[in-house]
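K.L.:
What follows is a single structure, and I will ask about it in a moment.
Residue numbers (this note's numbering), protein chains in the order written: chain P, 1162 to 1417; chain Y, 1162 to 1417.
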């Protein structure tokens, strides 16, 4: 066992570069949503619930819900650094609820469209990944809620589950980005076929959209991965954490 | 600033669960390679350099190089915990060289195949992502080599670059997995077309391969993300690190 020295920002200070990265992530996220809209509007006839345009509800809702809003929900703890922990938690949970509902509309749209057209469901790699990631997202939310917002879970249980929640949250987000790329590719190949290889404008725009999706995923992951950018624990949490350590590990409290 | 208590494993101890996770990752990685081979053998006529089977060299080489070997290169620091840091570094760099060479053969195969058939190059999202990730992989290797193996870089420079190297290494690996999924989807849709929706055996096998690729990516990332599983720094490195901290930050050395 060894003692080590750790620098900590005071809760009030914001790392200098963080706001620029967050602003860049938001710019990228909104660009992804806008380019998805432009693709559907310019090359796919726009959006409607009735008629064969119902399919187009699917990519737009999934990108807004499972990419943009899910990504933003992950950033909540980096952006809201001074608010009470509980407020930030509720915002994190609520953003995921919005993301989930919008994605659900997108899912209903594609299943309903398939049914009306008599198409088979759930045969492609995109659909397998999509259903899997959607179920995992729901389970992650339920487990997260019962550990962190429901009052029952002990401090010890929360501390042990937290790193798992963060890892699987980031993994589900990246898996969502990968699933979106598969869906985009599927939509392109079904429609363009061999014309894809002639650098059709739609193909080029959709490829750019694919790279933008990747960039959004990387920037969100980068912000989450910076150890110095993590939300500093508040004074009362630090005290609690120290009590807990002293009680359970039998260590002497660390010197101030 | 605060003092905090940190548990450290002695360099000789191995976290109990780590070997099982590593074994599982290797089982998954070998399964991915075997299923890729089975897919190409059963449904694509096998592999050859001359003839139209040359295309099949591409998926097999990319999966061995950019997925399996790249993933294993990332795990080197978790697996070799007692060897000298320099030996582990050289193994990490060498595995990436092997991965790079095998992937290069896979790239030559597909460009050569396209040329012989008169097909267009670099029009699809898979190809854009593929070229981007391959170039990033090469750049990451070059920068990693000049910082960590070339003797010029100072300790301070290495310490500051290390987290970036780790983040971008993991990102490039995950991006490689995503690119493989796009390629698999492309190969399926080009050949099966609307038959994909009738649950053709080839489609189902390739979907399973896609999910196995995702699982391998997640397990490697999980092993890398566990803070307790990181390679413990050796005594001489700790001493150096402490000297460095004392010299540059003006902190008093931490008490033992």
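Where is the CB? At the ideal position from N, CA and C, for every residue including glycine. Bear in mind the structure is a predicted one, so any value in this text is a computation, not a measurement.
Given that residue 1383/Y touches chain P, what residues does it touch there, using C-beta distances under 7 angstroms?
P.N.:
Taking the second chain and counting its residues from 1, the one referred to as residue 1383/Y is at position 222. Neighbours of residue 1383/Y on chain P, chain order: 1328.
K.L.:
What three-state label does DSSP hand residue 1352/Y in the structure shown?
P.N.:
Start at 1 with the first residue of the second chain, and residue 1352/Y comes out as number 191. Reduced to three states, the DSSP call for residue 1352/Y is helix.
K.L.:
Using CA atoms only, rank isn't needed, just tell me which of 1298/P, 1309/P, 1206/P, 1249/P is closest to residue 1334/P.
P.N.:
Within the first chain, the letter at position 173 stands for residue 1334/P. The option with the nearest alpha carbon to residue 1334/P is 1298/P.
K.L.:
For the stretch 1342-1357 of chain P, which residues have a beta carbon sitting closer than 8 angstroms to at least one beta carbon of chain Y?
P.N.:
Of all residues in the stretch 1342-1357 of chain P, 1342, 1343, 1345, 1346, 1347, 1349, 1350, 1351, 1357 have a Cβ within less than 8 angstroms of some Cβ in chain Y.
K.L.:
For chain P, find out if any of its Cβ atoms is closer than 9 angstroms to the Cβ of residue 1281/Y; answer yes or no.
P.N.:
On the second chain, residue 1281/Y is found 120 positions in, with the first residue counted as 1. By this cut-off, residue 1281/Y is an interface position.
K.L.:
When you compare the CB of residue 1249/P with every CB in chain Y, is at least one pair closer than 9 angstroms?
P.N.:
Residue 1249/P sits at position 88 when you count from the first residue of the first chain. So no, residue 1249/P is outside the interface.
K.L.:
Given 8 angstroms as the limit, is there contact between the stretch 1245-1256 of chain P and the stretch 1196-1210 of chain P, that is, 3 or more CB pairs closer than that?
P.N.:
Output reads no: the stretch 1196-1210 of chain P does not touch the stretch 1245-1256 of chain P.
K.L.:
Can you name, in chain order, every residue of its own chain whose Cβ lies under 8 angstroms from the Cβ of residue 1331/P, other than the five neighbours on each side?
P.N.:
What you label residue 1331/P is simply residue 170 of the first chain in a count that begins at 1. Within the same chain, residue 1331/P has close Cβ partners 1235, 1382, 1385.
K.L.:
So residue 1290/P and residue 1370/P are in contact, right, with Cβ under 8 angstroms, and what is the actual spacing, rounded?
P.N.:
Position 129 of the first chain, counted from the first residue, corresponds to residue 1290/P. Position 209 of the first chain, counted from the first residue, corresponds to residue 1370/P. The Cβ separation is near 18 angstroms, so there is no contact.
K.L.:
Tell me the DSSP secondary structure of residue 1414/Y in three-state form.
P.N.:
For this step, residue 1414/Y is matched to residue 253 along the second chain. Low confidence applies to residue 1414/Y: its pLDDT is 40, below 50, so where it sits in the model is not reliable enough to give any reading.
K.L.:
Would you kindly work out how many angstroms separate the C-alpha atoms of residue 1269/P and residue 1296/P, rounded to a whole number?
P.N.:
As a position in the first chain, residue 1269/P is number 108, starting the count at 1. As a position in the first chain, residue 1296/P is number 135, starting the count at 1. Straight-line Cα distance between these residues: approximately 14 angstroms.
K.L.:
Can you confirm whether residue 1336/Y, when its beta carbon is compared against all beta carbons of chain P, has any partner nearer than 9 angstroms?
P.N.:
Within the second chain, the letter at position 175 stands for residue 1336/Y. Output row for residue 1336/Y: interface = yes.
K.L.:
Shorter than 9 angstroms from the beta carbon of residue 1285/Y to some beta carbon of chain P?
P.N.:
Taking the second chain and counting its residues from 1, one reaches residue 1285/Y at position 124. Yes - at least one Cβ of chain P is within 9 angstroms of the one on residue 1285/Y.
K.L.:
Residue 1267/P and residue 1218/P: beta carbons closer than 9 angstroms?
P.N.:
Start at 1 with the first residue of the first chain, and residue 1267/P comes out as number 106. Start at 1 with the first residue of the first chain, and residue 1218/P comes out as number 57. With a cutoff of 9 angstroms on beta-carbon distance, residue 1267/P and residue 1218/P are scored as near each other.
K.L.:
For a minimum of 4 consecutive residues, which ranges assigned as the alpha helix (DSSP H) are wholly contained in the stretch 1230-1268 of chain Y?
P.N.:
Counting only runs of 4 or more, we get 1231-1240.
K.L.:
Are the beta-carbon atoms of residue 1241/P and residue 1191/P separated by less than 9 angstroms?
P.N.:
Working through the first chain from its first residue, we reach residue 1241/P at position 80. Working through the first chain from its first residue, we reach residue 1191/P at position 30. Cβ distance not < 9 angstroms, so residue 1241/P and residue 1191/P don't count as in contact.
K.L.:
Mind listing which residues of the stretch 1365-1383 of chain Y have their C-beta closer than 8 angstroms to chain P's C-betas, in chain order?
P.N.:
1367, 1368, 1371, 1372, 1375, 1379, 1382, 1383
K.L.:
Which residues, in chain order, does the stretch 1284-1314 of chain P contribute to contact with chain Y at a C-beta distance below 8 angstroms?
P.N.:
1284, 1285, 1286, 1287, 1289, 1290, 1293
K.L.:
Would residue 1232/P pass as a contact of residue 1263/P if the rule is Cβ separation under 9 angstroms?
P.N.:
Against the first chain, residue 1232/P aligns to sequence position 71. Against the first chain, residue 1263/P aligns to sequence position 102. Pairing residue 1232/P with residue 1263/P gives a Cβ-Cβ distance that is not under 9 angstroms.
K.L.:
Determine the direct distance from the alpha carbon of residue 1313/Y to that of residue 1307/Y, and round the result to whole angstroms.
P.N.:
For this step, residue 1307/Y is matched to residue 146 along the second chain. For this step, residue 1313/Y is matched to residue 152 along the second chain. When rounded, the distance between both Cα atoms is 8 angstroms.
K.L.:
Rounded to whole angstroms, what's the CA-CA distance from residue 1163/Y to residue 1175/P? Just pull it up for me.
P.N.:
Here residue 1163/Y refers to the residue found at position 2 of the second chain. Here residue 1175/P refers to the residue found at position 14 of the first chain. Residue confidence is low: residue 1163/Y scores 38 on pLDDT, short of 50, so the model does not pin down where it sits. Its coordinate-derived value is still stated next. Cα-Cα distance, rounded: 17 angstroms.
K.L.:
Which term fits residue 1347/P, buried or exposed, when burial requires 16 or more other beta carbons within 10 angstroms of its beta carbon?
P.N.:
What you label residue 1347/P is simply residue 186 of the first chain in a count that begins at 1. Classification of residue 1347/P: buried, given that the 10 Å Cβ count is 16 or more.
K.L.:
List the residues of chain Y whose Cβ lies closer than 7 angstroms to the Cβ of residue 1339/P, in chain order.
P.N.:
By 1-based counting over the first chain, the position of residue 1339/P is 178. Near residue 1339/P (Cβ distances below 7 angstroms), the residues of chain Y are 1339, 1342.
K.L.:
Check the Cβ of residue 1386/Y against every Cβ in chain P and list those closer than 7 angstroms, keeping chain order.
P.N.:
On the second chain, position 225 is the one that residue 1386/Y refers to. Within 7 angstroms Cβ-Cβ: 1328.
K.L.:
Could you give the C-beta distance for residue 1294/P and residue 1336/P, rounded to a whole number, given that I count them as a contact under 8 angstroms?
P.N.:
Translated into positions along the first chain, residue 1294/P becomes position 133. Translated into positions along the first chain, residue 1336/P becomes position 175. About 5 angstroms; that satisfies the 8 angstroms criterion.
K.L.:
Report yes or no: is there a C-beta of chain P within less than 9 angstroms of the C-beta of residue 1332/Y?
P.N.:
Looking up residue 1332/Y in the second chain gives position 171. In terms of beta-carbon proximity, residue 1332/Y lines the interface with chain P, with at least one pair separated by less than 9 angstroms.
K.L.:
Compare the Cα-Cα distances from residue 1376/P to each of 1352/P, 1338/P, 1292/P and report the closest residue.
P.N.:
Here residue 1376/P corresponds to residue number 215 of the first chain, with the count starting at 1. Of 1352/P, 1338/P, 1292/P, the residue nearest in Cα terms is 1338/P.
K.L.:
Can you confirm whether residue 1359/Y, when its beta carbon is compared against all beta carbons of chain P, has any partner nearer than 9 angstroms?
P.N.:
Along the second chain, one-based indexing puts residue 1359/Y at 198. Output row for residue 1359/Y: interface = yes.
K.L.:
So what's residue 1389/P in DSSP terms, helix, strand or just coil?
P.N.:
Locating residue 1389/P in the first chain gives position 228, counting from the first residue. Note: residue 1389/P maps to helix in three-state DSSP.
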